[in-house]
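Enquirer: Would you mind keeping the following structure in view while I ask a few things?
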Amino acid sequence: MIAPFRPSVDLRHIVRVREGHGANCSSVGSVVDMLFVSAVAGGAVLAAVAAALGSEPITLVGDDKKAGKKPTETPREGDDAT
Amino acid sequence: MRLRLEAWGAWARLESMPALVALDRDGVRALGVDGEGVWSTPPEVAMPVEVHVAVTSQCAAGCEGCYLDARADGEHVPFAEVAEQLRALAAQGVFTVAFGGGEPTTRDDLGELGALARELGLVPVLTTSGLGLSAKKIARLSSFAQINVSYDGIGDGYADVRGFDGAAHAERAIGAIAGAGLRVGVNVVLTRATFGALEATVARAHALGAREAQLLRYKPAGRAKSLDYLARRLSPEQRAELPAALRRLALRPGAADFRVRIDCALVPFLSTDAELYSRPGDLVAAGVLGCEAGAALAAARVDGLLAPCSFAEPSAARTQDVGRDYAADATMRRYREFAQSAPEPCASCAIRAVCKGGCKIVSQYEGGFGPDPECLRVITASADAAIAPER
């Protein structure tokens, strides 16, 4: 399932980056600083993410291989990573 | 990294930097991963990426606005039960578990729970009031990736939110956690009284060693579900001012090593900023998440039931059965389906894809399950329709 070596990930395939761990126990949080800083700073974060994607070992997680155990829903507009 | 295939691609939780990344299918293929087994079958309901785990209902602080109505005589969830929940969440590919309650540091076995979460591949984080947080207790928290201390503000802000002045305790805790070499942040509840001191509060927290501020909208749940809510919530002027305040926080001198985070319920207020509203794609790219209740977010309650979020009513699904019940549960589906197809004025809102209709806890308090009634865009639309509620 996992190739023996890995080509780099083009930045255009990175749909979203949620920075940080967050540690709030009551509602989901999103870092917003990057919305206001320069494109250079934002580009540096993306470059670091791409480098990590290209170098970290991969562990597949989740139960998605057990097709049929969970009911399905037809995705609607907005029901995706964007 | 830990990679979880989704219908649209995959989530990747990086190990070398704290980030959760959404990759499209070609990005996943570029990693050498074949996702066709998932992509060639009908799309399933995605499991949450983050689950808030209430490990106790015990807390002696007695905060007036406690959303869980935690009490001094509350009880801890048995270790074995929390462990079973964590195993179930890990099996479904959940990435982050945020421990709360109640005051989680009242548990002597909290460090062991954090260590277990790590063993299972989860990233455990923690929220605490900081009250009674001794050096001995802090030493047991090394397995947590980040610890957030409730710190609502300098001056009268803390007491306004919680009914007692615990700011000094919180400040000591922030300094002690940072001094122990652990990553610490602060939770700042935004109310009519705390908003004006937001920048000073964040600067103070930063100076004490915090590396992140999580800004939280005050919500009508638990003990905060009273008429006082209407007097404490942000004023319309403050809601309109929020994006500018965020901009000032991001650009203040020395902010490079400090992050500002907003909670899901504050996302609707970004719609008032013309500049942000004009580039919704940037909100997506920055990973901003609005109401993800019952979708990317779920909450494990002390009674073992799952809820769409920590403020919401429980579903019929038990946490340890998340893999079997999450997709089909009616309560979860209700939240998820509203977010997917919110009516006007949300339907035509440029940031709908991230906001997803705003906070349902607020909308239910103010009359029904619908668009966030405190969103200024919703208020304007209501006024245009000659409804003109006083909100």
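Quick note, the sequences are listed as chains A and B, same order. For the first sequence, the numbering used here begins at 1 and goes up steadily by one. For the second sequence, the numbering used here begins at 83 and goes up steadily by one. Yeah, the Cβ is synthetic: ideal placement off N, Cα and C, and Gly gets one too. On a predicted model such as this, the values are computed, not experimentally measured, just so you know.
Is the Cβ-Cβ distance between A/Asn-24 and B/Gln-228 less than 7 Å?
Expert: Not a contact, by the Cβ cut-off of 7 Å.
Enquirer: So, under 8 Å CB-CB, B/Tyr-447 and B/Tyr-311 are touching, yes? Tell me the CB distance rounded to an integer number of Å.
Expert: Yes, B/Tyr-447 and B/Tyr-311 are in contact; Cβ-Cβ is about 7 Å, under 8 Å.
Enquirer: Look at A/Ile-14 and B/Met-83 and say whether their C-beta atoms are less than 7 Å apart.
Expert: No.
Enquirer: So, is the C-beta of B/Ala-368 closer than 7 Å to a C-beta in chain A?
Expert: Yes, contact with chain A.
Enquirer: Taking only the alpha-carbon atoms, compute the straight-line gap between B/Arg-400 and A/Val-45 and give it to the nearest angstrom.
Expert: If I take the Cα positions, the gap works out to 38 Å.
Enquirer: Expressed to the nearest angstrom, what Euclidean distance is found between the alpha-carbon atoms of B/Pro-396 and B/Thr-462?
Expert: Going from the Cα of B/Pro-396 to the Cα of B/Thr-462 covers about 32 Å.
Enquirer: Would you list the residues sitting across from B/Phe-181 in a DSSP beta bridge?
Expert: Note: B/Phe-181 sits in a beta bridge opposite B/Val-135, B/Leu-208.
Enquirer: Report yes if the CB atom of B/Cys-428 is closer than 7 Å to the CB atom of B/Ala-347, and no otherwise.
Expert: Not in contact: B/Cys-428 and B/Ala-347 (Cβ atoms no closer than 7 Å).
Enquirer: Given a limit of 9 Å on CB to CB distance, which residues of the region 32 to 46 of chain A reach chain B?
Expert: Residues passing the 9 Å Cβ filter: Val-32, Asp-33, Met-34, Leu-35, Phe-36, Val-37, Ala-41, Gly-42, Val-45, Leu-46.
Enquirer: According to DSSP, simplified to helix, strand and coil, what is B/Val-270?
Expert: In this structure, B/Val-270 counts as strand in the three-state DSSP scheme.
Enquirer: Under 8 Å Cβ-Cβ, which residues of chain A neighbour B/Phe-161?
Expert: By Cβ distance, chain A contributes nothing, its closest Cβ being about 18 Å from B/Phe-161, past 8 Å.
Enquirer: Per DSSP, what kind of secondary structure is B/Ser-353 in: helix, strand or coil?
Expert: In the structure shown, B/Ser-353 sits in a helix (DSSP, three-state: H, G or I).
Enquirer: In whole angstroms, what separates the C-alpha of B/Glu-118 from that of B/Val-271?
Expert: Between B/Glu-118 and B/Val-271, the C-alpha separation is close to 44 Å.
Enquirer: Extract the residue ranges of the beta strand (DSSP E) inside the region 187 to 266 of chain B, only unbroken runs of 3 or more that lie entirely within it.
Expert: You should have 205 to 210, 228 to 232.
Enquirer: Which residues in the same chain as B/Gly-179 place their Cβ atom closer than 6 Å to its Cβ, once the five residues preceding and following it in sequence are excluded?
Expert: It is Val, not Gly, that sits at residue 179 of chain B in the sequence shown. Within the same chain, B/Val-179 has close Cβ partners Val-133, Val-135, Ala-199, Leu-204, Pro-206.
Enquirer: Report the rounded CA-to-CA distance for B/Val-120 versus B/Val-110, giving the unit in angstroms.
Expert: Those two C-alpha atoms are separated by around 12 Å.
Enquirer: Within the 7 Å Cβ cut-off, does B/Glu-281 reach chain A?
Expert: B/Glu-281 does not count as touching chain A.
Enquirer: Can you find at least 3 beta carbon pairs, one from the region 325 to 335 of chain B and one from the region 300 to 316 of chain B, that sit closer than 8 Å?
Expert: Output reads no: the region 300 to 316 of chain B does not touch the region 325 to 335 of chain B.
Enquirer: For B/His-251, which of B/Ser-232, B/Glu-146, B/Leu-280, B/Asp-108 has the nearest alpha-carbon?
Expert: That would be B/Ser-232, whose Cα lies nearest to the Cα of B/His-251.
Enquirer: Within 10 angstroms of the Cβ of B/Leu-309, are there 16 or more other Cβ atoms? Answer buried if so, exposed if not.
Expert: Exposed: under 16 other Cβ atoms inside 10 Å.
Enquirer: Quick one: residues in its chain with C-beta nearer than 7 Å to the C-beta of B/Ala-287, no 5 flanking neighbours on either side, listed in chain order?
Expert: Closer than 7 Å at the Cβ level, and outside the excluded window around B/Ala-287, lie Tyr-233, Ile-256, Val-268, Ala-295.
Enquirer: Going straight from the alpha carbon of B/Pro-425 to that of B/Asp-247, what length do you get?
Expert: Spanning the two alpha carbons is a distance of roughly 42 Å.
Enquirer: Starting from B/Gly-291, follow the alpha helix (DSSP H) in both directions and report where the run begins and ends.
Expert: Looking at the DSSP string, B/Gly-291 is not in any alpha helix (DSSP H), and its letter there is neither H nor E.
Enquirer: So which residues of chain A does B/Glu-97 contact, with C-beta pairs closer than 7 Å?
Expert: Those are Glu-56, listed as they occur along chain A.
Enquirer: Since B/Ser-392 meets chain A, which of its residues come closer than 8 Å, beta carbon to beta carbon?
Expert: Result: Cys-25, Ser-26, Ser-27.
Enquirer: Between the beta-carbon of A/Val-61 and the beta-carbon of B/Gly-369, is there less than 7 Å?
Expert: No. Outside cutoff.
Enquirer: Report the partner residues of B/Ile-461 according to the DSSP bridge assignment.
Expert: DSSP output for B/Ile-461 lists no bridge partner at all.
Enquirer: Output yes if chain A places a C-beta closer than 7 Å to the C-beta of B/Thr-209; else output no.
Expert: Yes, B/Thr-209 lies at the interface with chain A (some Cβ there is under 7 Å from its Cβ).
Enquirer: Given that a residue counts as buried once 16 or more other Cβ atoms are within 10 Å of its Cβ, and exposed if not, what is B/Pro-130?
Expert: With 16 or more other Cβ atoms within 10 Å, it is buried.
Enquirer: Quick test of your reading: B/Ala-375 and B/Tyr-408, contact by CB under 8 Å. State the CB separation rounded to the nearest angstrom.
Expert: So it is not a contact: roughly 12 Å between Cβ atoms.
Enquirer: For the region 172 to 199 of chain B, enumerate the residues whose C-beta is nearer than 9 Å to any C-beta of chain A, in chain order.
Expert: Under the 9 Å Cβ criterion, the region 172 to 199 of chain B contributes Ala-172, Ala-173, Gln-174, Gly-175, Val-176, Phe-177, Thr-178, Ala-180, Phe-181, Gly-182, Gly-183, Pro-186.
Enquirer: Between B/Gly-91 and B/Glu-146, what straight-line distance do the alpha-carbon atoms span, to the nearest angstrom?
Expert: If you take the alpha carbons of B/Gly-91 and B/Glu-146, they lie about 43 Å apart.
Enquirer: Assign B/Pro-186 to buried or exposed, taking buried as 16 or more other Cβ atoms, counted over all protein chains shown, within 10 Å of its Cβ.
Expert: Buried, because 16 or more other Cβ atoms sit within 10 Å of the Cβ of B/Pro-186.
Enquirer: Roughly how many angstroms lie between the CA atoms of B/Ala-249 and B/Pro-124, to the nearest whole one?
Expert: In a straight line, the C-alpha of B/Ala-249 is about 51 Å away from that of B/Pro-124.
Enquirer: Taking 7 Å as the CB-CB cut-off, is B/Gly-267 touching chain A?
Expert: Judged by the 7 Å Cβ criterion, B/Gly-267 is in contact with chain A.
Enquirer: Can you pull the DSSP bridge partners for B/Trp-93?
Expert: DSSP lists B/Arg-86, B/Ala-104 as partners of B/Trp-93.
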